[in-house]
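Chain order of the listed sequences is A and B.
Take the working numbering: the final residue in the first sequence is number 170, and no numbers are missing along the way.
Take the working numbering: the final residue in the second sequence is number 116, and no numbers are missing along the way.
Glycine included, C-beta positions come from ideal geometry on N, C-alpha and C.
Please read these numbers as outputs of a predicted model, since none were measured by experiment.
Below is one structure; the comments refer to it alone.
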Amino acid sequence: EPEVTQTPSHQVTQMGQEVILRCVPISNHLYFYWYRQILGQKVEFLVSFYNNEISEKSEIFDDQFSVERPDGSNFTLKIRSTKLEDSAMYFCASSGEGGGNTEAFFGQGTRLTVV
Amino acid sequence: GNSVTQMEGPVTLSEEAFLTINCTYTATGYPSLFWYVQYPGEGLQLLLKATKADDKGSNKGFEATYRKETTSFHLEKGSVQVSDSAVYFCALSETWTGANNLFFGTGTRLTVIP
């Protein structure tokens with residue numbers, strides 16, 4: 056069964072460092088998303104990506120964040136200069152044609168720890 | 003704005019017990035409602051959904067009915083199994099013309115003991 060895969064499963068980084076979280080969405084999907092969950096809090100929408108550009112983003116997704124689909128298979132989230140409060144579980148998701156009318160498939164998450 | 007309020011956990015039940023996890027929502031329009039489940043070490047998986055008022059979503063013995071009058075979407079199962087142990091997330095989405103922007107609850111951890 057096709058699945059969304061994320062690497063690494065756990066990333067530890069020092070405050071101020073850049074970090075790139077990687078995701079391989081399901082191959083024929085068109086919509087890509089990042090969500091995050093700070094420990095004990097809600098899963099929060101960060102950004103959606105369609106047709107090689109951001110289609111929606113939340114207030115959390117400020118200039119420190121960027122997304123890219125560099126090679127047609129990977130979908131990355133970059134945090135330019137990490138802060139302690141960026142520590143969270145980051146989930147990638149993808150969905151097929153129909154966007155919000157189709158199921159979003161999630162990866163297993165990357166746990167980011169900023170020290 | 004849009005938000006989801008979910009029953010706080012953790013919930014511990016014996017096998018074959020009845021399960022209810024409460025979920026209420028606030029939305030500006032006419033949302034679709036979802037329950038996602040996360041098994042240990044895995045990603046979020048769609049468990050069931052309902053797209054309009056009075057719809058009942060069901061899967062794997064779980065059910066939830068979209069109640070517009072009480073803005074609720076409570077998850078129920080008549081007889082839980084040890085394999086149902088997981089974290090359950092209630093969510094809503096109002097975007098139909100583009101990206102699926104989901105609003106999640108905090109999640110409820112369910113542990114079923116033999």
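What does residue i pair with, by DSSP beta-bridge criteria?
| i | result |
| --- | --- |
| alanine 29 (chain B) | Per DSSP, none; premise fails for alanine 29 (chain B). |
| methionine 144 (chain A) | A:Gln92 and A:Arg166 |
| serine 5 (chain B) | B:Thr28 |
Using the beta-carbon of each residue, which ones in chain A are nearer than 8 Å to residue i?
| i | result |
| --- | --- |
| phenylalanine 91 (chain B) | Val98 |
| leucine 94 (chain B) | Under the 8 Å cutoff, chain A gives no residues; its nearest Cβ is about 11 Å from leucine 94 (chain B). |
Could you confirm whether any beta carbon from chain B is found closer than 9 Å to the beta carbon of residue i?
| i | result |
| --- | --- |
| glutamine 66 (chain A) | no |
| serine 121 (chain A) | no |
| glycine 127 (chain A) | no |
Should residue i be flagged as near chain A, meaning a C-beta pair shorter than 9 Å?
| i | result |
| --- | --- |
| tyrosine 68 (chain B) | no |
| leucine 112 (chain B) | no |
| tyrosine 38 (chain B) | yes |
| leucine 35 (chain B) | no |
| glycine 100 (chain B) | Here glycine 100 (chain B) scores only 49 on pLDDT, less than 50, and its place in the model should not be relied on; the value that follows carries that caveat. Yes, contact with chain A. |
| leucine 77 (chain B) | no |
| glycine 1 (chain B) | Lying before the first or after the last residue shown, residue 1 (chain B) is absent from chain B, which here runs from 3 to 116. |
List, in order along the chain, the chain B residues whose C-beta lies closer than 9 Å to that of residue i?
| i | result |
| --- | --- |
| phenylalanine 130 (chain A) | Result: empty, since nearest Cβ-Cβ is about 13 Å, beyond 9 Å. |
| glycine 162 (chain A) | Gly45 and Leu46 |
Under 7 Å Cβ-Cβ, which residues of chain B neighbour residue i?
| i | result |
| --- | --- |
| glutamate 158 (chain A) | Leu48 |
Could you round the C-beta distance between residue i and residue j to whole angstroms and report it? I think they count as a contact, below 8 Å.
| i | j | result |
| --- | --- | --- |
| proline 63 (chain A) | isoleucine 81 (chain A) | Not quite, the Cβ-Cβ distance comes to about 20 Å (not below 8 Å), so this is no contact. |
### Query
Using 8 Å as the threshold, is the stretch 118-134 of chain A in touch with the stretch 98-108 of chain A, meaning 3 or more CB pairs across them?
yes
### Query
How do the stretch 78-90 of chain B and the stretch 107-115 of chain B stand: do at least 3 beta-carbon pairs fall below 8 Å, yes or no?
yes
### Touch test, the stretch 15-33 of chain B against the stretch 147-167 of chain A, Cβ-Cβ under 8 Å, three pairs minimum
no
### Task
Count the CB pairs spanning the stretch 52-70 of chain B and the stretch 32-42 of chain B that are closer than 8 Å, and state whether there are at least three.
yes
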